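Letter by letter, the sequence shown follows residues 80 to 310 in the working numbering.
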Amino acid sequence: QESELVVKHEIEHRIKSIIRWNAMIMVVKANQVSTELGGHIASFASCATLYEVGFNHFYRGSGLDQGADLVFFQGHIAPGIYSRAFLEGRITEEQMLNFRQEANQEGLSSYPHPWLMPNFWEFPTVSMGLGPIMAIFQARFMKYLHHREIIKTDKRTVWAYIGDGETDEPESMGAISLAGREKLDNLIFVINCNLQRLDGPVRGNGKIIQELEGMFRGAGWNVIKVIWGRG
80 QESELVVKHE
90 IEHRIKSIIR
100 WNAMIMVVKA
110 NQVSTELGGH
120 IASFASCATL
130 YEVGFNHFYR
140 GSGLDQGADL
150 VFFQGHIAPG
160 IYSRAFLEGR
170 ITEEQMLNFR
180 QEANQEGLSS
190 YPHPWLMPNF
200 WEFPTVSMGL
210 GPIMAIFQAR
220 FMKYLHHREI
230 IKTDKRTVWA
240 YIGDGETDEP
250 ESMGAISLAG
260 REKLDNLIFV
270 INCNLQRLDG
280 PVRGNGKIIQ
290 ELEGMFRGAG
300 WNVIKVIWGR
310 G
């Protein structure tokens, strides 16, 4: 039932590999400057494909009618977004080498930080749990604007990328029933179940995917599970 995605797989795979490599290297180099600097290598490495497919085939740009999609990036994958921006020529090598070091405006903030980098980040998504709950109310507000005929927003989508460990934060799951009741079909949660977090495995003796599926289905969401590359 799946339609074939018409893409140049070799080119996209090559680009993704470069981005993933640079994301890892910038974290390693920062850690060599000082042990207090570092980052989350596995967070982006485990979901690079999710973001690349989104960037290349799904996210609407600001040049289209009604404006761009709104993307709440998972905070700990920031090195991957910086790496992609570096490949696009939007940030410099000096900035990459100053990751987590706001050095005279030539550094990069640890996580999505609109106050420190207003021309780069749109939404703050750390501390964990901020992204999901902000995305829900953002999608609800966009529906309000459209239904009141203030502005048209029916072509725009709100994306929220979340880690599986992040779903234990009360803010992450606290408003999902509201999204179901309001029928927010302009909202998409993408939960990366890599089973890892800083304080240990996620549900070491359980099944986090099935657990989350039950919670979201119970709240009225349409759930699609993609496991080992299949939906």
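Beta carbons are placed, not taken as given, at the ideal position from N, Cα and C, and that holds for glycine.
Everything numeric in this text was worked out from a predicted model, so none of it was measured.
What residues are listed by DSSP as bridge partners for residue i?
{"i": "residue 276", "result": "279"}
{"i": "residue 150", "result": "238"}
{"i": "residue 177", "result": "The partner list for residue 177 (beta bridge, DSSP) is empty, contrary to what the question assumes."}
{"i": "residue 269", "result": "240"}
{"i": "residue 84", "result": "None, per the DSSP bridge assignment."}
{"i": "residue 187", "result": "178"}
Return the CA-CA distance between residue i and residue j, expressed in angstroms with no decimal places.
{"i": "residue 107", "j": "residue 263", "result": "40 Å"}
{"i": "residue 273", "j": "residue 125", "result": "6 Å"}
{"i": "residue 310", "j": "residue 253", "result": "Note on residue 310: pLDDT 41, under 50, position unreliable in the model; the coordinate value appears next. If I take the Cα positions, the gap works out to 26 Å."}
{"i": "residue 290", "j": "residue 299", "result": "15 Å"}
{"i": "residue 280", "j": "residue 150", "result": "27 Å"}
{"i": "residue 139", "j": "residue 223", "result": "20 Å"}
{"i": "residue 157", "j": "residue 226", "result": "34 Å"}
{"i": "residue 165", "j": "residue 143", "result": "24 Å"}
{"i": "residue 131", "j": "residue 163", "result": "9 Å"}
{"i": "residue 148", "j": "residue 236", "result": "5 Å"}
{"i": "residue 185", "j": "residue 212", "result": "31 Å"}
{"i": "residue 302", "j": "residue 230", "result": "29 Å"}
{"i": "residue 115", "j": "residue 189", "result": "12 Å"}
{"i": "residue 221", "j": "residue 266", "result": "10 Å"}
{"i": "residue 287", "j": "residue 268", "result": "15 Å"}
{"i": "residue 200", "j": "residue 275", "result": "25 Å"}
{"i": "residue 258", "j": "residue 215", "result": "6 Å"}
{"i": "residue 113", "j": "residue 194", "result": "25 Å"}
{"i": "residue 159", "j": "residue 135", "result": "15 Å"}
{"i": "residue 174", "j": "residue 109", "result": "11 Å"}
Could you spell out where the alpha helix (DSSP H) holding residue i opens and where it closes?
{"i": "residue 101", "result": "88 to 112"}
{"i": "residue 212", "result": "209 to 226"}
{"i": "residue 260", "result": "255 to 260"}
{"i": "residue 163", "result": "157 to 166"}
{"i": "residue 249", "result": "249 to 252"}
{"i": "residue 131", "result": "127 to 132"}
{"i": "residue 139", "result": "From DSSP, residue 139 is part of no alpha helix (DSSP H); its letter is neither H nor E."}
{"i": "residue 296", "result": "287 to 297"}
{"i": "residue 199", "result": "Residue 199 -> no alpha helix (DSSP H), and no H or E assigned at all."}
{"i": "residue 120", "result": "120 to 124"}
What's the call for residue i, buried or exposed, on a 16-neighbour Cβ count within 10 Å?
{"i": "residue 238", "result": "buried"}
{"i": "residue 228", "result": "exposed"}
{"i": "residue 304", "result": "exposed"}
{"i": "residue 283", "result": "exposed"}
{"i": "residue 192", "result": "buried"}
{"i": "residue 121", "result": "exposed"}
{"i": "residue 306", "result": "exposed"}
{"i": "residue 171", "result": "exposed"}
Going by DSSP, what residue range makes up the beta strand (DSSP E) through residue i?
{"i": "residue 205", "result": "Element bounds for residue 205: n/a, residue is neither H nor E."}
Let me make sure I understand the geometry here. Which of the options has the alpha-carbon closest to that of residue i?
{"i": "residue 311", "options": "153, 148 and 119", "result": "Within the shown structure, residues of the chain are numbered from 80 to 310, placing residue 311 beyond reach of any answer."}
{"i": "residue 97", "options": "123, 230, 85 and 116", "result": "123"}
{"i": "residue 177", "options": "86, 111 and 134", "result": "111"}
{"i": "residue 246", "options": "208, 113 and 269", "result": "208"}
{"i": "residue 128", "options": "250, 270 and 296", "result": "270"}
{"i": "residue 133", "options": "104, 109 and 95", "result": "95"}
{"i": "residue 206", "options": "174, 160, 219 and 152", "result": "152"}
{"i": "residue 241", "options": "251, 84, 91 and 117", "result": "251"}
{"i": "residue 169", "options": "179, 198, 194 and 145", "result": "198"}
{"i": "residue 293", "options": "255, 261 and 260", "result": "255"}
{"i": "residue 155", "options": "136, 285 and 243", "result": "243"}
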